[in-house]
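Here the structure is laid out as structure tokens; the discussion comes afterwards.
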Amino acid sequence: LEVRAGVYVGDTSKRIREMIWQQISQLAGCGNVVMAWATNTE
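For any residue, its number in my numbering is found by taking its place in the sequence shown, counting from 1, and adding 52.
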């Protein structure tokens with residue numbers, strides 16, 4: 053779901069998150085990217 057231009061929200065597996073991160077970090081160049089997800093660490 054694209055909540056605003058360039059901002060996406062969704063529920064993905066770890067494998068998909070890693071694939072997305074690899075692609076966006078390469079495309080970002082000198083720009084900035086942020087990825088956040090919930091995790092059960094307690």
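Even glycine gets a Cβ: it sits at the ideal position worked out from N, Cα and C.
All values reported here derive from a predicted model rather than from experimental measurement.
According to DSSP, residue i sits in a beta bridge with which residue or residues?
| i | result |
| --- | --- |
| V59 | R56 |
For residue i, collect the residues of the same chain with a Cβ closer than 8 Å to its Cβ; drop the 5 residues on either side in sequence, then sort them by chain order.
| i | result |
| --- | --- |
| G62 | L53 |
By the DSSP assignment, the alpha helix (DSSP H) with residue i in it spans what residues?
| i | result |
| --- | --- |
| E94 | From DSSP, E94 is part of no alpha helix (DSSP H); its letter is neither H nor E. |
| A80 | 66 to 80 |
In its own chain, which residues sit with a C-beta less than 6 Å from the C-beta of residue i, not counting the 5 before and 5 after it?
| i | result |
| --- | --- |
| V55 | V61 |
Would you say residue i faces chain B, with C-beta separation under 7 Å as the test?
| i | result |
| --- | --- |
| V85 | Structure shown: chain B not included; a single protein chain is present. |
Might you give, ordered along the chain, the residues of its own chain that have their beta carbon closer than 7 Å to the beta carbon of residue i, omitting 5 neighbours on each side?
| i | result |
| --- | --- |
| W73 | M87 |
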